[in-house]
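Enquirer: Residue numbers (this note's numbering), protein chains in the order written: chain A, 1395 to 1561; chain B, 4 to 432; chain C, 560 to 1381.
For reference, the structure I am asking about is given below.
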Amino acid sequence: MANPLADKYADRIQKHMSKYPDKRSAVMPLLYIAQEEYGWLSPDAIVQVAEICEMDPTQVKSIAGFYTMYRESPKGKYWLQVCTDLPCALKGADQFHHDLLAHLGIEEGGTTDDGMFTVEHVMCLAACDRAPMLQCNFGYVENLDMDKMKELLDKWRKEAEAYANAD
Amino acid sequence: MTHIILREKDVPNIRELDVYLANEGFDGLKKAVSMKPSEVIDEMKRSNLRGRGGAGFPTGIKWSFIPQSEPVKYVVVNADESETGTFKDRQIMENNPYQMIEGALICAYAIQATAVYIYLRGEFWDIAHDLDERIEAARAQNLVGDDILGSGYSCEVYTHLGAGAYICGEESALLNSLEGLLGQPRVRPPFPAQKGGGLYKEPTVVNNVETLANAPYILRVGGEKFAELGTQQSTGTKVICVSGHVNKPGNYELEMGKHTFRDLIFEMAGGIPDGKGIKAILPSGGSGPIVPATDEVLDTKLTYEDCQSIDTILGSASVMILDETVDITWAASKMTKFFKHESCGKCTPCREGTFWLDKVIDRILRGEGKRSDVELINNVAANMQGTTLCALGDFAANPILATIRHFPEDFYAHVDGDDEKAPVKAAGD
Amino acid sequence: MSDNMVKIIIDDVEYEVPAGMNVVDAAKWHASNDIPVFCYHPKMEPVGMCRMCLVEMGTLQRNPETGAVMTDEDGNPLVRWFPKLQTACTQVATDGMVFRTNTQAVVDARENVLEFLLTSHPLDCPICDKGGECPLQNLTMAHGPGESRMNFSDKMKLDKHVPLGDLIFLDEERCIQCGRCVRFQDELVGDDVLAFHERGRTLQIITNSDPGFDTYFSGNTTDICPVGALTTADFRFGARPWELTEVPSIDPHDAAGSNISLSVRLDRDFGGRAMIKRVMPRQNEYVNELWISDKARFGHHFTRSEDRLQKPVVDGKDSDWATAISTIAGLLEGADGDIAAIAGSGMSNEDLFALRSLVTANGGKRLGAWPTTHTGADLVAAVGVGVGTNLSDLGAGDAVLIVASDLEEEVPIWRLRLKGAHDRGAYVVVANARKTRMDDFASATPRYQAGKAAHWLDGIDKADPEVAKALKAAQNLVIVAGAEGLTLDGSRALMQSAANFLIDSGHYGKANNGLMSPLPGPNGMGLHYVGFTPEVTADIAQNPPKVLIVAQAEILSDDPYARAWLDKVETIISLNLFPDAVADMAAIALPIQSFAERDGTFTNGERRVQRFYTAQGPMGDALPAWQALSRISEHMGQGKAKASAAAVMVMMSNELPAFEGMRYRELSRTERQFPDISGDDMYYGGTAYQNKGGLGKVIPTTAEQGETPARADVSLPPVLEVGKGQFVVLPATRLYNLESTFRPSTLVHPRIMSPFVEVNAADAARLDINNGDVVEVKLPDVSVRVRASVNGGAPEGALVLPRHLTDDPTPMTVAVGEIAKV
Ligand SMILES: Cc1cc2nc3c(=O)[nH]c(=O)nc-3n(C[C@H](O)[C@H](O)[C@H](O)COP(=O)(O)O)c2cc1C
Ligand code: SF4
Ligand code: FES
């Protein structure tokens, strides 16, 4: 069976594999690569990672399900994870989270109709001194308020459009 | 005071290798490789440095547990930093990364490890990639890899990203996660330092980022000199993460035993916003017991032993400040949600207890609880304590036990009446 | 267990226990103290998950100088107690450990753990299959809180009917996340197709494999699941455990002779007769431990299939026993002694003896065994594994050679147990012409050319000197020699080579050393001991007799070449469960009872004679074969028919030396076995049943009886001549197939492979055959149409053609043939 991940990311996969004495240890970095490729960990992606790591797909699925940063269902282009844990909440993160959802017209965990934004609340991200904050895909955005947030949303939308048009 | 850990406050750009090298960078490692490994461990023992990851276990003693006869050994840097309110390791890795790398290599040399793995929480994606580059830069200077500094000792340094799981900060769960197994804690013994208990079953030292970042300094100035800082039981400095209701949240590195909570909150962190009163302090994130901000507490010094005397812990020193407006029941619920979300599910009391506590606290907060519900959660939390596979279960009990102990009125304010709900029959009845 | 004993104190009493023994096991075995457990299972590594086994633990305080135990004024030893309770399951016995299992702290801890477990549990015991034999239910009664403080409406609502495969269902609400099922598959089976998904309270068992939970051992997870979370598709909602009677029996499907328990109930669906509702494992640590294969568990439906032969058939018409018996008597009398018999291994020892008696009393000499694939049972009798052998004893320093057998498909329990040997450090060699599943649990996997197993083993010193050296040097050595890819001559040569190897290296005549063979069916060794051999069958085929009795041998469905010689037999008398093609040809066809309907014994591949007991009501007029046969003898004035199988055994033990001294009473003897799963505490070992039917008795090898073992020259069969465009066709066994004793288990049909032939990728490319293409495999006088499977399973130049997947018989032994795309 063809394994597009193994072919396309051979170098990166090799780099990860070389860190560990066994292939199984590379499952977490490889899940990130699969997620990058497909946007989420589709059943096919799981099987491909399983093949590369010489694991049973059940075990790979199990790993994928344990951690919050792996997406087992498709998400928006921008996955906004708002920290609403105690320190951030003391700084108004709950309200911010609420306002953000209202602004985008979605519910917690939902995705905007255009598939652009998914909003989820998460536990402490180790940026408590810069609350409210969120993680957008893999980057932190800190010291937020709704005005700043709206600007950012516009910016990301434009970026996405520009990217789409460039194709 | 000059900083030992947060040196970027004294030396701008110390994150760059040339700046770091120009400011005594890697002198500790140079010193170490000129010594016998056992001497390095002795030096660490003399420093009396205690682990900064939470439990405060003496670092030199931990290193000395490694059986030297085993050919393969590992060092794992715990950079999972997921405790609520903790954000010091991130700052260290962003601003003074080489010091952690150097510290890890000193540890590696001391136990003659073959490799160092830095396990970062998944959200530290950027930091991990930055570290990868820095490790390569260090390799170019013969500081990492083969024949380090011409000493004949070789060691690789790798990063590994988690993917969002607080439990992977617990050392045995971390090792499982690194091995591509489910990130749940292991049965101990064997402990990580023992054959069979560590990474890939080999003897392994697991240390926190801040702990290791102390090692270069200790090697440079000597363990005894280091131990002059702080108190007898709490030597050196500690990075304190201050968050919540303060004007200047952030990391403050303080010599242990020289400052009180009052100094920390009102002098360094700029006091409570809007001139409000302070109600409570969580000295060690969500997992340590809460304390009311009485004068006794505020005048307590920041050391392991002083915190113990007020029935809490210094832990990882993530100090959260709650002002007078905070409903402690709400705060307890926040913390309970955290532990419910992060319970790995492996052992019964933690998996079921966190779920159950959350249900009842929610009910209380909705105004649908009874007085007996407060007793119920107190009892459920007590039943979790001391019965779980790892400390997460104990941590999860604290936000309930300590909050009810100190702030019962905050709970009872949400409930009225005491008519028991009809008990549900158990299986087999 | 270790010989090194240590002293530990449990509830103030000192016990001597083996050092390193798990404390839960030690308490149970030595102190009869049942520490409650959910996640701990004595066959698996402890994980300390459920926290049910919490106890107080401490160490004796010793005087640092003298090492003497310190005592208080009253002379009681001083104990340094741990501040927290400890899980007994994660502790192993070391000298000076002290435990308390009955203090208030322990009682409270147990109650708390149960209360926690019940917070999520649906409490649907009245409709749960496990109700009545549920560890959670039992432990709740014994240690539970009495009532739950959890609000019922707050409970999790989860999926209650999740199929994990065709055979096993998961009820997510009932699962208590003990992980036993996951660990069983991973540790013991080596197929990690189950895992936990998500975390915290949402932790759930999943399978994401393709196919799903599809291993030959899946049913065992339902036994060890401490709640009703895992149930079999076979038994789900079938009956309540307390309505069932447990009848000891033996798995009738393979040479392991797994001890099973037939759970029966008088059932409306079976005309009010006793009916098998399910098959459960019965503990025999020498044979199958606590496990059975799914074939044993789900393959019982043939016993009450409506297709069973239910009346004697005389000249093609339904008849009665009296007519049938007198007709047969007449035929035998008219045969002038030109009588022969061929028996299959579904026949019990008693059946075989009755058949032997009938044939010999009437002048017949030839007793043939079916099928004619495997031989060498005589060598197993000579240098087989010694008395006291237990495959669980094999470990570091020992070696196992498995040659010419696909053990997973032929005797899955042996494969399971030998995987364990490998895990314990034994040097396991799997030699075959092709890759088999057992390769995954092997230290070395030498390959020989298709058809040349005997050549390989005979010349192993040259072919694989390293392997040979390691095998010879092993402390204990067991050789499992099959017959895959061999002719009958080849099988003889391989068995003799194996015997020679063992004799030369001295690995015979003692426990845990010697020869085993996956002879087909449950009683291959019984055939040998009663005097039936495949060589005689070959002779019968060459020189057909006047009257041939064919007993439980489906010759025509097995062998495409049999009709040619069977046609030459004047009169066939058939005894079988089913009206098969032989019965169709027969002058008389007698309906006989399956293993479930009567008493009897089988002799397994380790030469253990084991009893099975009457469990199920009879089908139609069927009789036990021994009874039908001895009635014929009686009718012919050749002795009075015996009243019971036990009486036949007495006769047999007087006449056949191998059975000397065997008595049913002795065969039903049991002993305390480790782990001790007896009693009410189903939470410890699962619902595998205590052995109340007997552990059986092993027939000693002739080597153990002082006979010089039969080292003999190997006569290697001629090498197959494979012409251009031709292939060696290797018949293979599939555990799940369409044989008459399995086909009625329709539940398992989705897992029976559709007919296929494995083709090597290089060969396939040359012939332009793609995976899934329909191909024709042509052999002399026979051809079959199947799908090609190009999956790396077949070695180059060979075709692997599984038997019994189609109704058309395919060759039983290795042959040369061709393949073409259709
Ligand atoms: C639930 C749990 C979470 C933990 N999280 C962390 C963490 O994020 N970072 C850390 O350094 N130690 C954490 N620890 C402590 C580690 O298990 C371990 O004690 C520590 O890494 C040892 O390092 P040290 O001796 O340098 O303190 C955690 C422990 C538990 C029980
Ligand atoms: S399904 Fe049964 S055996 Fe498997 S984890 Fe759940 S309770 Fe345990
Ligand atoms: S924790 Fe010991 S039996 Fe489960």
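Here a beta-carbon is modelled for each residue, glycine too, at the ideal position from N, C-alpha and C.
Whole angstroms are fine: how far does the CA of LEU395/B sit from the CA of GLU174/B?
Expert: One C-alpha to the other measures close to 12 Å.
Enquirer: Report the residues of the segment 1438-1463 of chain A with a CB closer than 7 Å to any CB of chain C, ordered along the chain.
Expert: Those would be ILE1440, ASP1450, PRO1451, THR1452, GLN1453, LYS1455, SER1456, GLY1459, PHE1460, in chain order.
Enquirer: Go through the segment 637-702 of chain C residue by residue and report every complete run of the alpha helix (DSSP H) that reaches 4 residues or more, in order.
Expert: Entirely contained in the segment 637-702 of chain C, the alpha helix (DSSP H) runs reaching 4 residues are, in chain order, 663-679, 694-702.
Enquirer: By Cβ distance below 6 Å, which residues in the same chain neighbour VAL1343/C in space, the five residues on each side in sequence not counted?
Expert: These residues qualify, in order along the chain: VAL1336, ASP1367, THR1369.
Enquirer: Any chance you could list the residues with Cβ under 6 Å from a heavy atom of ligand 3, keeping chain order?
Expert: That query returns the following residues: VAL596/C, PHE597/C, CYS598/C, TYR599/C, GLY607/C, MET608/C, CYS609/C, ARG610/C, MET611/C, CYS612/C, THR646/C, CYS648/C.
Enquirer: Drop a sphere of 10 angstroms on the beta-carbon of ARG366/B, count the other beta-carbons inside from all chains shown, and report buried for 16 or more, exposed for fewer.
Expert: With 16 or more other Cβ atoms within 10 Å, it is buried.
Enquirer: Using 10 angstroms around the beta-carbon of PRO1303/C, count the other beta-carbons present and answer buried if the total reaches 16, otherwise exposed.
Expert: Counting Cβ neighbours within 10 Å, PRO1303/C comes out buried, since at least 16 surround it.
Enquirer: Identify each residue in the segment 1503-1530 of chain A for which the Cβ-Cβ distance to at least one residue of chain B is less than 7 Å, and report them in chain order.
Expert: Cβ contacts with chain B: MET1517, CYS1518, LEU1519, ALA1520, ALA1521, CYS1522, ASP1523, GLN1529.
Enquirer: Roughly how many whole angstroms lie between the Cα atoms of GLY893/C and GLU1129/C?
Expert: Roughly 11 Å between the two C-alpha positions.
Enquirer: Answer yes or no: the CB of THR780/C versus the heavy atoms of ligand 2, is any distance below 7 Å?
Expert: Flag set: Cβ of THR780/C near ligand 2.
Enquirer: Can you tell me whether LYS373/B is helix, strand or coil according to DSSP?
Expert: In this structure, LYS373/B counts as coil in the three-state DSSP scheme.
Enquirer: Beta-carbon within less than 6 Å of ASP667/C's beta-carbon, same chain only, minus the 5 sequence neighbours each way: which residues are those?
Expert: Cβ neighbours of ASP667/C beyond the five flanking positions: none.
Enquirer: Given that ARG374/B touches chain C, what residues does it touch there, using C-beta distances under 8 Å?
Expert: By Cβ distance, chain C contributes nothing, its closest Cβ being about 14 Å from ARG374/B, past 8 Å.
Enquirer: Report yes if the C-beta distance between ASP999/C and GLY749/C is below 8 Å; otherwise report no.
Expert: Their beta carbons are under 8 Å apart, which means ASP999/C touches GLY749/C by this criterion.
Enquirer: On the three-state DSSP scale, how would you describe HIS163/B?
Expert: Here HIS163/B sits in strand by DSSP.
Enquirer: Contact criterion: CB-CB distance below 8 Å. Does ASN211/B meet it with respect to chain C?
Expert: Judged by the 8 Å Cβ criterion, ASN211/B is not in contact with chain C.
Enquirer: Quick check on ASP421/B: does DSSP put it in helix, strand or coil?
Expert: Low confidence applies to ASP421/B: its pLDDT is 49, below 50, so where it sits in the model is not reliable, and the reading given next is rough at best. DSSP places ASP421/B in coil when its eight states are reduced to three.
Enquirer: Following the continuous beta strand (DSSP E) through PHE728/C, name the residue where it begins and the one where it ends.
Expert: Per DSSP, PHE728/C belongs to the beta strand (DSSP E) from 727-729.
Enquirer: In whole angstroms, what is the alpha-carbon distance linking ASP1493/A and VAL1535/A?
Expert: Distance between the alpha carbons of ASP1493/A and VAL1535/A: 16 Å.
Enquirer: First and last residue of the alpha helix (DSSP H) that includes LYS65/B?
Expert: Counting along the chain, the alpha helix (DSSP H) containing LYS65/B begins and ends at 62-67.
Enquirer: How would you call GLN1408/A, buried or exposed, if buried means at least 16 neighbouring beta carbons within 10 angstroms?
Expert: Under this definition GLN1408/A is an exposed residue.
Enquirer: Could you list which residues in chain A have their beta carbon closer than 8 Å to that of PHE341/B, in chain order?
Expert: Those are ASP1479, LEU1480, MET1517, CYS1518, listed as they occur along chain A.
Enquirer: Could you tell me how far apart the beta carbons of ALA196/B and MET103/B are, in whole angstroms, since I believe they sit closer than 8 Å?
Expert: No, ALA196/B and MET103/B are not in contact; Cβ-Cβ is about 21 Å, not under 8 Å.
Enquirer: If you reduce the DSSP assignment to three classes, tell me which class GLN1232/C lands in.
Expert: Three-state result, GLN1232/C: coil.
Enquirer: In the DSSP assignment, find the unbroken beta strand (DSSP E) run with VAL962/C in it and report its ends.
Expert: Here the beta strand (DSSP E) through VAL962/C covers 958-962.
Enquirer: Under a Cβ-count criterion, where at least 16 other Cβ atoms within 10 Å of its own Cβ denotes burial, should ARG189/B be classed as buried or exposed?
Expert: Its Cβ being crowded by 16 or more others within 10 Å, ARG189/B is buried.
Enquirer: Alpha carbon to alpha carbon, how far is VAL838/C from TYR1172/C? Give it in angstroms, no decimals.
Expert: So the two alpha carbons sit approximately 14 Å from each other.
Enquirer: What is the rounded straight-line gap between the Cα of LEU1364/C and the Cα of ARG795/C?
Expert: The straight-line gap from Cα to Cα measures roughly 28 Å.
Enquirer: Run through chain B and tell me which residues come within less than 8 Å of ARG1344/C, C-beta to C-beta.
Expert: Within chain B, no residue comes near ARG1344/C; the closest Cβ sits about 45 Å away, beyond 8 Å.
Enquirer: Which whole-angstrom value is the C-beta distance of GLY816/C and ASN1163/C, which I expect to be below 8 Å?
Expert: With 8 Å as the limit, GLY816/C and ASN1163/C qualify as a contact, their Cβ atoms being about 3 Å apart.
Enquirer: For a test of the three-state rule: what should DSSP assign to ARG925/C, helix, strand or coil?
Expert: ARG925/C falls in the strand class under three-state DSSP.
Enquirer: SER679/C versus chain E: which residues are under 9 Å apart at the beta carbon?
Expert: Among the protein chains of the structure shown, namely A, B and C, there is no chain E.
Enquirer: By the 9 Å beta-carbon criterion, what residues does the segment 77-93 of chain B contribute toward chain C?
Expert: For the segment 77-93 of chain B, which is checked against every Cβ of chain C, not one residue is closer than 9 Å.
Enquirer: Is GLU97/B near ligand 1 - that is, is its Cβ less than 7 Å away from at least one heavy atom of it?
Expert: Because no heavy atom of ligand 1 lies under 7 Å away, the Cβ of GLU97/B does not count as near it: no.
Enquirer: Spatial neighbours of PHE1091/C within its chain, please: CB distance less than 7 Å, with the 5 preceding and 5 following residues excluded, ordered by chain position.
Expert: Excluding positions up to five away in sequence, the list reads ALA902, LEU911, LEU926, GLY927, ALA928.
Enquirer: Counting only Cβ pairs nearer than 7 Å, list the residues of chain B close to PHE675/C.
Expert: Neighbours of PHE675/C on chain B, chain order: THR351, PRO352, GLU355, GLY356.
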